[in-house]
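In this note's numbering, the protein residues as written are 18 to 502.
Notes follow the structure.
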Amino acid sequence: MIKTAEQYVKDLRDGRVVYQDGKRITDVVAAWPKSVERAASEFFVATIPEHRPLFTMMEDGEECSFAFKMPSTPEDLQRRREILRVSGELGAGGSRLTGIDGLNGVAFGAAKMDRAMGTHYSENMAKYRAWCKKNDPSIVAAVSDPKGDRSLHAEDPRQANKDFYVRIVDRKKDGIVITGCKLHITAAAIATEIMVLPSRNHNETGKDYAVACAVPCNAKGVSFLCSQGSVGGGHPMIIFEEVFVPWERVFMAGEWQFSREIATSFARYHRLTAATYKVGQLNALAGLASLMAKYNGLTKATRIRDMLGWFAMYATVTEALGKAAALSGDVDPETKQARPNPVYTNCAKYWFASQWHEAMKYLQDITGGIAATIPSMADWDNPETRPFLDKYLRGAAEYPTEERIRAIHKVIEEGATFHGVLSIHAEGSLSTQKQVLFQQADWALFEAAAKYSLGYKVDHPEFKNRLGLGNTLWKMPESLLKGKK
Ligand SMILES: Cc1cc2nc3c(=O)[nH]c(=O)nc-3n(C[C@H](O)[C@H](O)[C@H](O)COP(=O)(O)OP(=O)(O)OC[C@H]3O[C@@H](n4cnc5c(N)ncnc54)[C@H](O)[C@@H]3O)c2cc1C
18 MIKTAEQYVK DLRDGRVVYQ DGKRITDVVA AWPKSVERAA SEFFVATIPE
68 HRPLFTMMED GEECSFAFKM PSTPEDLQRR REILRVSGEL GAGGSRLTGI
118 DGLNGVAFGA AKMDRAMGTH YSENMAKYRA WCKKNDPSIV AAVSDPKGDR
168 SLHAEDPRQA NKDFYVRIVD RKKDGIVITG CKLHITAAAI ATEIMVLPSR
218 NHNETGKDYA VACAVPCNAK GVSFLCSQGS VGGGHPMIIF EEVFVPWERV
268 FMAGEWQFSR EIATSFARYH RLTAATYKVG QLNALAGLAS LMAKYNGLTK
318 ATRIRDMLGW FAMYATVTEA LGKAAALSGD VDPETKQARP NPVYTNCAKY
368 WFASQWHEAM KYLQDITGGI AATIPSMADW DNPETRPFLD KYLRGAAEYP
418 TEERIRAIHK VIEEGATFHG VLSIHAEGSL STQKQVLFQQ ADWALFEAAA
468 KYSLGYKVDH PEFKNRLGLG NTLWKMPESL LKGKK
C-alpha cells in the first residue's frame, strides 16, 4: 500500500508522549505544521504520476514503497539515492531518512546471526518488512545511546547507572521489555515507527544490551524530549521506560556477538544516505559562495576564484564518492543483500564532514565581516531603517541590496554550531569512518604497490604479471640507441 499524505498526518495523532521546552505537546501536527507537511510530502510525491515509477514498485500484485525493498543489486542502492535526491529537490521527506538504513542494517545482521547461531530473527524481519510494505510507515533509526563514560562498557559497575545503553530488563513468553534512552533521533517525534539497534559492540556480560527491535512511536512507556526550540521536534531524546516489545518485532535479544555487526551494517548504509542528501546542500553552498562573490564584486579576483574552485570540488567529490559507493556495492552471497562499498561510503561521509569547517572558513572569508555584525531582517522590514540598509549594504550595482542581505543571513545560518556538529557527528563521528577505512582498506594491494615501487618481485595478482620497474613494454632497438641510420 502507498500511504497518502493525509493518512500519514492522521497517524501522528496517536496519543504519543512528546515534550519540548518544558511543555507537553499533545498534538505534534498542530505544533509543527511545516515539518509535518514536509514529511507528508514524501508520501504525496509517491502518488504523483511523474515520480511514482521511481518511488514505488509492484510486489505480489500490490503497489508498495520502493524504500522497503531489500536492496539486492547495486542499482537498487543507486535508486534509493535517486529517491533521496528527488525528495530533497522537492523539499520532501525526513521521517524515514534514517529508518530504512536501520531496517536494512538490522536485516543483514539478523541474517548473518541466524546462520551463525541458529536463531530465527530473519523470519521476524521478513514479516516486519512485509508489514512495512503493507502499512507504509515512516520510520527512524534509534542507534545512538547516551553512553555515560565512553571508556567503559555498558554493564561496567563504574558507570553511573545501568541504563546508558538500551537494554532488555525482562524476557516474557510473548516478548521482551526494554529500558533506556536513545539520543539525537532525527525526526522521531513525527515518525510512526522506531527501529532500535545497538550503537556498538557489547560483551557477553553485557548481553542484555545487545537488542534490536521495532517499536511504535505511541508504545506505552515511550516518550520524546525534543531539541530545544526546534521546529518539528528536531532530533529528540527517546526515553524507553519498560517498553514491551512482542517477539515478532524483535531482531536480536542477547546475541552480543552480533551487536557490532548490526551497528556497522546500519552505518554502512547510512553513510551513503548522508553522502546523498548532503550533495544538494553542498551544491547550494557552492552557489551561495559564488553569489556572495558576485554581490561583493569579486568574481575576477584570483584568490576568490581559487576558493570557488574548492567549493565546486567539495560538492562534486561528495557526489562522485556516493555514486561510486552505490554502484560498486557488493551483493553478499549468503544473504543476497546489496550493500554499499564500505571504503567509498566511509570516504564520502568523512570527506564532506571533515571539510565542513573549511567550507565555512571560505564562505565567511568571501562574505566579509558583515556576516558577524549585520542588523536583523526586522530592520529591513522597518520602513524607518530600511533606507539605510538599502543604501549602505548594497554591493555590486547590478544586484539589489535585499539579495545580498538575504544571502548574508544564509551565510550566518550555515555557520551555526548546529550544522558544524551535524556534519561531524551525525552518521558517526569522524574517527569511526577512519576506523572502518583502516579495517576495510585493501592493505595487501597497498603494500604490494609499495614493494613494487621499491623494485621487488611481488606476488599480488595486481602486480605479479607486471614487467617490474625499470622494465618497459617497448624496447629500443640497438640501432636507435646508438643513433645509427
Ligand atoms: C544533528 C544530529 C542528528 C543525529 N541523528 C541521529 C539519528 O537519527 N539516529 C541516531 O541513532 N543517532 C543520530 N545522531 C547521533 C550521532 O550518530 C552521534 O552524535 C555520533 O555517533 C557521536 O556520538 P556522541 O554524540 O555520543 O559523541 P561521542 O561518541 O561521545 O564522541 C565525542 C568524541 O569522543 C570520541 N570518543 C567516543 N568514544 C570514544 C572511545 N571509547 N575512545 C576514544 N574516543 C572516543 C569520538 O571519536 C569523538 O571525537 C545524530 C547526531 C546529530 C548531531
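Where a beta carbon is used, it is the ideal one built from N, C-alpha and C, also for glycine.
Taking the alpha-carbon positions, what's the residue i to residue j distance?
i	j	result
K144	A303	44 angstroms
S240	V232	12 angstroms
E419	L406	9 angstroms
G250	E258	20 angstroms
L344	E59	24 angstroms
D31	I207	11 angstroms
A63	I422	37 angstroms
V360	T449	12 angstroms
P357	V103	20 angstroms
W148	C364	34 angstroms
E221	V186	16 angstroms
V157	M377	29 angstroms
I117	F85	7 angstroms
D153	T384	45 angstroms
R55	F61	10 angstroms
A171	D398	53 angstroms
G108	C198	30 angstroms
L71	L94	13 angstroms
M269	P215	10 angstroms
H477	K340	28 angstroms
G271	S393	54 angstroms
A22	R285	30 angstroms
T290	T362	9 angstroms
I391	D38	28 angstroms
P404	Y416	16 angstroms
L242	T402	40 angstroms
E67	P91	24 angstroms
I256	Q354	32 angstroms
I511	D382	This structure cannot speak to residue 511, because the chain is shown only from 18 to 502.
Can you give me the start and stop residues for the alpha helix (DSSP H) that residue i sits inside?
i	result
S82	Unbroken run through S82 is the beta strand (DSSP E), E79 to S82; no alpha helix (DSSP H).
I19	Element bounds for I19: n/a, residue is neither H nor E.
Y294	S276 to Y312
R1	Limits of the chain in this structure are 18 at one end and 502 at the other, which puts residue 1 out of reach.
S216	It is not in any alpha helix (DSSP H) - S216 carries neither H nor E in the DSSP assignment.
E495	E495 to L498
For residue i, which option in the options has the closest C-alpha, if you only look at C-alpha atoms?
i	options	result
A389	I195, Y361, Q372 and K427	K427
T281	P392, E99, Q245 and N218	N218
G165	L200, L484 and Y25	L200
E99	S496, A158, A292 and S393	A292
Q274	F61, P70 and K129	K129
M74	V53, P91 and R96	R96
K468	Y138, V262 and K481	K481
F125	A204, E351 and G238	E351
N488	Y473, G110 and E76	Y473
S89	V475, K492 and N121	N121
K190	V267, D180 and V248	V267
L101	G297, G135, M212 and V35	G297
R525	K20, S139 and P163	Here the chain has residues from 18 to 502 only, and residue 525 is not among them.
P163	M254, Y409, P91 and P174	M254
A443	R403, R288, A337 and V213	R288
Q24	A127, A329, V213 and S155	S155
Y182	I202, H436, R188 and V160	V160
A227	K237, G238 and R277	R277
K556	T209, I256, H252 and R184	Coverage of the chain is limited to positions 18 through 502, which leaves residue 556 absent and any answer about it impossible.
H436	E76, V334, W373 and C234	W373
The beta strand (DSSP E) with residue i in it runs from where to where?
i	result
E210	E210 to V213
A47	Premise fails: A47 lies in the alpha helix (DSSP H), V45 to A48, not in any beta strand (DSSP E).
Y36	V34 to Q37
K224	Per DSSP, K224 belongs to no beta strand (DSSP E) and is neither H nor E.
K40	K40 to I42
A414	Per DSSP, A414 belongs to no beta strand (DSSP E) and is neither H nor E.
A270	V267 to A270
With a cut-off of 7 angstroms, does the C-beta of residue i fall near any C-beta of chain D?
i	result
C198	Judged by its chain identifiers, the structure shown contains no chain D, having just a single protein chain.
At which residue ranges does the region 136-201 contain complete beta strand (DSSP E) runs of 3 or more residues, listed in the order of the chain?
156-159, 184-189 and 192-199
Length at least 3, wholly inside the region 230-263: the beta strand (DSSP E) runs in chain order
DSSP runs (the beta strand (DSSP E)) wholly in the region 230-263: 239-242 and 254-263.
Write down every uninterrupted run of the alpha helix (DSSP H) in the region 423-492 whose length is 4 residues or greater and which is fully enclosed by it, in chain order.
Listed in chain order, the alpha helix (DSSP H) runs fully inside the region 423-492 are 434-442, 447-457 and 460-470, counting runs of at least 4 residues.
Whole runs of the beta strand (DSSP E) within the region 51-109, excluding any shorter than 3 residues:
73-76 and 79-82
Which runs of the beta strand (DSSP E) at least 3 residues long sit entirely within the region 329-410? Give them in chain order.
As far as the region 329-410 is concerned, it has no whole beta strand (DSSP E) run of at least 3 residues.
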